[in-house]
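The number in our numbering is simply the position in the sequence shown, starting from 1, with 364 added.
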Amino acid sequence: MKFKMKPLARFFAAPVSLSSSLFFLLSSHPQAMCTSFKVELLNGSHAFGAQAANGVRTVTTKDTFNLALFLATATRGAGDTVYNTTGELAASGNYTQGGKLLTNATEPTNDSTTAHWTPSAGLTWTNLTSSGAFDAAVLYNAAATGNEQV
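This is the structure in structure tokens:
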């Protein structure tokens, strides 16, 4: 039996499958883009898509992003700057702390005035046993020094 995670829903059992429409945080926690992430974007710290080298940035490959699951009791929000395991589900079944790598095959795009990026595949944990109720997912840049949280 698999459960599909939907935004703003709470889940108490597993296995679980996360759809590719997941973006940033989904939970009863504050849904927010980390404040530090906004500055890091302006500084060119995150590459969601491949790009040509230019006079400022020589790295042309996209970064890797992981998604980790957090307990309903965790305190996560816009003030968080880096991924850490505080409040994350304990490793059990086939879930390991640090979460899973998101498939990043879809380039960022825009729809008129809104730019966006969507993971190109869902995540599935088929043998997940949870250490408690979980309702939050944290996206972070696993390629960056310090695992900056998105």
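Heads up, the beta-carbon is just placed ideally off N, CA and C, and yes, glycines get one too.
Of the listed residues the options, nearest to residue i (C-alpha basis)
i, options, result
"Ala497", "Ala506, Cys398 and Gly451", "Gly451"
"Asn491", "Gly457, Ala432 and Ser484", "Gly457"
"Tyr504", "Ala436, Thr488, Ala442 and Thr424", "Ala442"
"Leu431", "Ala411, Thr439, Ala469 and Tyr459", "Tyr459"
"Asp427", "Ser484, His410 and Gly462", "His410"
"Leu465", "Thr399, Thr424 and Ala501", "Ala501"
"Val514", "Gln415, Tyr447 and Gly413", "Tyr447"
"Asn468", "Phe401, Glu404 and Ala414", "Ala414"
"Thr424", "Phe412, Leu433 and Leu435", "Phe412"
Classification of residue i by the beta-carbon crowding that lies within 10 angstroms, buried from 16 upward
i, result
"Pro472", "exposed"
"Ala508", "buried"
"Ser385", "Annotation note: pLDDT 38 at Ser385 (below 50); position unreliable, coordinate value reported separately. It is exposed - the Cβ of Ser385 has fewer than 16 other Cβ atoms within 10 Å."
"Gly510", "exposed"
"Gln461", "exposed"
"Ser494", "buried"
"Asp475", "exposed"
N-terminal and C-terminal residue of the beta strand (DSSP E) that residue i is part of
i, result
"Asp475", "Thr473 to Asp475"
"Tyr504", "Phe498 to Asn505"
"Ala432", "Phe429 to Leu435"
"Trp489", "Leu487 to Trp489"
Which residues DSSP lists as bridging residue i, in chain order
i, result
"His480", "Thr473"
"Lys426", "Bridge partners of Lys426: none, in fact."
"Gln513", "Tyr504"
"Glu452", "Phe434"
"Tyr459", "Ser456"
"Gly402", "Checking the displayed sequence, the identity of residue 402 turns out to be Lys instead of Gly. Bridge partners of Lys402: none, in fact."
"Leu465", "Asn430"
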